[in-house]
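K.L.:
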Amino acid sequence: MKVIIATPVYGETISTGCHVSVLDAIRFFAREFPHIGFTTHVLSTSFFPMARNVLASLFLAESDATHLLFVDPDMSFSPELVAKMLAFGKPVVGAIYPDKGVDFEAFRTAMQRSTNALQGQLQSVRYVYDGDAIVGRKGKDGKTEIDVVDGFVRVTRAGTGLLLIAREAFETIQTKMPEMWIPEPKEWLRKMGLGEGSGYIQCFDMVPGEDGSHTGSDIAFSDRWVKG
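Every position in the sequence shown, counted from 1, becomes a number in the working numbering once 3 is added.
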């Protein structure tokens, strides 16, 4: 098994937390799971959807690579989480993490109930595709039931801040959506690192919505994967 850690960055900037997390993960797997290899790709650009497409294409060009792990440059994580995501064994596995927004009214309410500032912070941040994305079913009492397997639930969308994608997921998209694959990309794409003979997958391209606005690359990929 070989995992490529891919990070799209803006202005060639990566946070300390992200840098330390990646190094910790590589050291952890070398010690605990030496049969799992890691390499890294970092691409600096102002347009993340294209960066994710290029990084995914670089991954596909490495025939021995089995998984692509997207890690945003501001993301911190534990090595054990990555091990758990790999062990779950699904083609696409994401993680719950907070976005950059804070609900200060929720923080005030939380601190009225507790003096633990960290707990208050956890209760006041918004999370990327939390309850709205979870797939549930109606129970006998009419309430929604959610199946939790090894700490994971099924969702319709997941953020790309920490997202594990197996090779088979990209191959499925290539087969079912051939328009997503460009076998001979233009020269300007090759200048971003694609070698001769490498194709270009564009499954992170944004999609226009009914109102004319475009979805993010995470929603675009998730929707394509779910529909595929």
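Glycine included, every Cβ here is placed at the ideal spot set by N, Cα and C.
Bear in mind the structure is a predicted one, so any value in this text is a computation, not a measurement.
Which residue spans inside the segment 57-89 form an unbroken alpha helix (DSSP H) run of at least 4?
P.N.:
Within the segment 57-89, no complete alpha helix (DSSP H) run reaches 4 residues.
K.L.:
Could I get the ranges of all uninterrupted beta strand (DSSP E) runs contained in the segment 165-229, with 3 residues as the minimum, in chain order?
P.N.:
You should have 165-169.
K.L.:
Considering only DSSP beta bridges, list what His-38 is partnered with.
P.N.:
According to DSSP, His-38 bridges with nothing at all.
K.L.:
Comparing C-alpha positions only, which one of Leu-58, Ser-81, Ile-204 sits nearest to Pro-188?
P.N.:
Measuring from the Cα of Pro-188, the nearest candidate turns out to be Ile-204.
K.L.:
Quick one: any contact between the segment 83-90 and the segment 211-226, if contact means 3 or more CB pairs under 8 Å?
P.N.:
No, the segment 83-90 does not touch the segment 211-226.
K.L.:
With the cut-off set at 8 Å, would you say Leu-63 and Ala-54 are in Cβ contact?
P.N.:
Contact: no.
K.L.:
Measuring only the C-alpha atoms, how far is Lys-5 from Val-105?
P.N.:
Near 37 Å, if we compare the C-alpha coordinates of Val-105 and Lys-5.
K.L.:
Can you tell me which of the three DSSP states Ile-7 falls into?
P.N.:
Of the three classes helix, strand and coil, the one that applies to Ile-7 here is strand, per DSSP.
K.L.:
Using the Cβ count rule (16 or more neighbours within 10 Å means buried), how would you classify Leu-121?
P.N.:
Exposed: under 16 other Cβ atoms inside 10 Å.
K.L.:
Please list the terminal residues of the continuous beta strand (DSSP E) segment that includes Val-152.
P.N.:
Element bounds for Val-152: n/a, residue is neither H nor E.
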